[in-house]
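Under this note's numbering, think of the first position of the sequence shown as 148, with each following residue one higher.
Yeah, the Cβ is synthetic: ideal placement off N, Cα and C, and Gly gets one too.
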Amino acid sequence: MKRIILMLLLFNFVVLDVLDAQIRCDLLYDTINNGYRVMSNDLNWSNYTDYDCNNTTIKVVRLTFHIIQKEDGSNNFPNNSTSNEFLSVSTMETLNNSMRENAVMNLDAHLAPFQPDTRIRFELTNIYYWNDDYDNEYRTYYSNYYNNVYYVLYGNYLTAKYVTSRPNVMFKDNSIHVFFCMGGSSAGGHTTLASSKWMVLTNMSTSHPAFTFRTIKHEMGHIMGLEHSWIANDGCDDTPPNPNCWDQHNCDSVHSNNTMDYNNCQCAFTQCQINKMHYYLLGNAGVVNDCIKGDLTFDNPYLQSNSDFLCNGNNNVSIVKSLPFGVTMNWSITPTINNVVTQSTGNTFSMFTDTPIKEIGRITSTLNYGTLGHNDLQKDIYLNGFDDVIISGNYLNNNIVGKNIITNGQSIKIQSGNNIFFYHDESVVLNPGFEVELGGQLSIVKKFDECK
């Protein structure tokens with residue numbers, strides 16, 4: 148019954164948006180640990196229009212809760228079954244449900260595709276209760292620059308005291324450690340931008356139940372590389388600047404419901420934000436990659452082209468389909484072919500030629516998976532088709548590209564460094580004595596000449 152009541156309270160908050168209080172968040176640019184910052188224009192996130200949440204491996208991040216009470220056990224969540232159920236069950240279930248059921252942005256997101264599932268989850272490893280009168284009261288009387296520095300030092304201090312030096316605390320370096328303290332005038336949270344494995348939450352035990360999961364979600368956004376989204380330079384084009392209204396009643400226009408704004412919902416992540424979080428989770432930047440449960444795996448995107456041929460005066464377009472979140476890519480074509488114009492934009496690669504070249508080009512899309520390394524997707528494109536060729540010599544001293552390969556009764560040897568290409572299901576006669584030297588290549592082209 149207790150669990151049902153707690154879940155109803157959380158549900159009512161999310162659906163009805165009835166609260167008037169606001170949550171404070173102090174995002175710290177960690178000048179001590181040189182916090183990481185990745186902007187969208189560095190990664191061209193806005194160019195990737197074919198991300199596939201269903202082809203993205205769900206990444207589970209470990210959390211560890213530390214409840215710092217007074218010496219007598221007061222002034223925070225009490226160490227009892229009610230607190231444990233609220234923190235480990237109600238809070239975690241609501242947190243993960245909100246990551247699984249992403250909301251559509253209220254604000255114009257510049258036509259960025261909506262992603263219904265962030266493919267990020269959290270798992271609670273343990274709850275520790277500590278007793279210390281001094282640490283129970285989060286120090287908030289510093290200001291300006293010193294505030295920023297002090298908060299970083301304080302978070303590091305709590306980590307050193309209650310994690311590093313405690314032999315019974317598990318996952319010291321492989322979990323995000325969440326410290327629950329009291330102090331200040333409102334509920335709030337503090338962490339650094341992608342450079343720390345801790346966050347400090349204040350006054351959660353005396354606030355609305357939904358504040359706990361919402362503040363954790365917001366602060367985890369910072370740990371996974373996200374900045375406040377109401378500002379103009381947060382690094383995502385699909386999070387338009389806004390007046391940061393708490394709700395519609397306090398706003399002259401539509402108010403934001405983005406998780407990284409201050410509002411009475413904090414229920415939406417955009418495609419750019421999701422991509423950036425997975426980019427950090429893959430270990431490309433930041434430290435959160437150390438806190439993922441289990442092993443990361445490659446996903447299964449594929450390379451698709453509108454044709455196997457590039458004909459004179461036409462375009463050939465290749466696209467990586469089912470692209471996983473957080474994966475960046477580089478395009479290349481080998482060999483480098485003169486008079487072929489190429490252009491890559493995100494997950495799309497195009498080729499054009501107005502010259503009757505007869506060549507085979509291999510397109511490679513290298514997908515970068517962070518700590519996993521890279522995965523290459525490749526496809527051969529045939530430029531302007533091939534002519535009929537009759538071979539009359541005993542040795543192929545040059546690369547031969549032909550439609551109908553006929554040996555005219557001769558024994559043929561492909562010498563090292565040379566290639567012969569012919570079409571499958573065409574007229575091909577290979578007499579006894581045919582052989583391929585080491586370094587030579589015999590290739591079967593699967594389609595007919597579409598350029599004739």
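For Val467 against Leu450, the beta-carbon gap comes to about 6 Å, under 8 Å, which counts as contact. Looking only at Val488, Thr241, Lys344, Lys423, the smallest Cα-Cα distance to Gly517 is reached by Lys423. Contact between the segment 454-462 and the segment 337-346 is absent: fewer than three C-beta pairs spanning the two stretches fall below 8 Å. When the beta-carbon positions are compared, Ile274 and Ser235 come within less than 8 Å of each other. Ser491 and Asn477 have their C-alpha atoms spaced approximately 8 Å apart. Here Asp408 is buried. Its C-beta has 16 or more other C-beta atoms within 10 Å.
Listed as beta-bridge partners of Tyr285 by DSSP are no residues whatsoever. Here the alpha carbons of Thr406 and Ile528 stand approximately 44 Å from one another. The Cβ atoms of Thr362 and Ser376 do not sit closer than 8 Å to each other. For Arg247, the closest C-alpha among the options Leu254, Asn253, Asp264, Asn231 is that of Asp264. A contact between stretches requires three or more CB pairs, one per stretch, nearer than 8 Å, and the segment 217-231 meets this requirement with the segment 275-282. Per DSSP, the continuous beta strand (DSSP E) segment holding Ser465 begins and ends at 462-468. DSSP places Asn278 outside any alpha helix (DSSP H); the residue lies instead in the beta strand (DSSP E), whose first and last residues are 267-278. Only exposed fits Ile205, as fewer than 16 other CB atoms lie within 10 angstroms of its CB. Only residues of its own chain outside the window of five on either side were considered, and among them Phe472, Gly473 have a CB closer than 6 Å to the CB of His425, listed in chain order. Your pair Gln262 and Tyr198 checks out as a contact, with CB atoms roughly 7 Å apart and the cut at 8 Å.
If you draw a straight line from the Cα of Asn231 to the Cα of His213, it is about 12 Å long. In this structure, the straight-line span from the alpha carbon of Ser479 to that of Val464 is close to 13 Å. According to DSSP, Met498 shares a beta bridge with Asn463, Thr489. The C-beta distance from Gln418 to Ala250 rounds to 13 Å, too long to meet the 8 Å contact threshold. Put simply, the backbone Cα of Asn243 is about 9 Å away from that of Lys364. DSSP places Lys308 within a helical segment (H, G or I) once states are collapsed to three.
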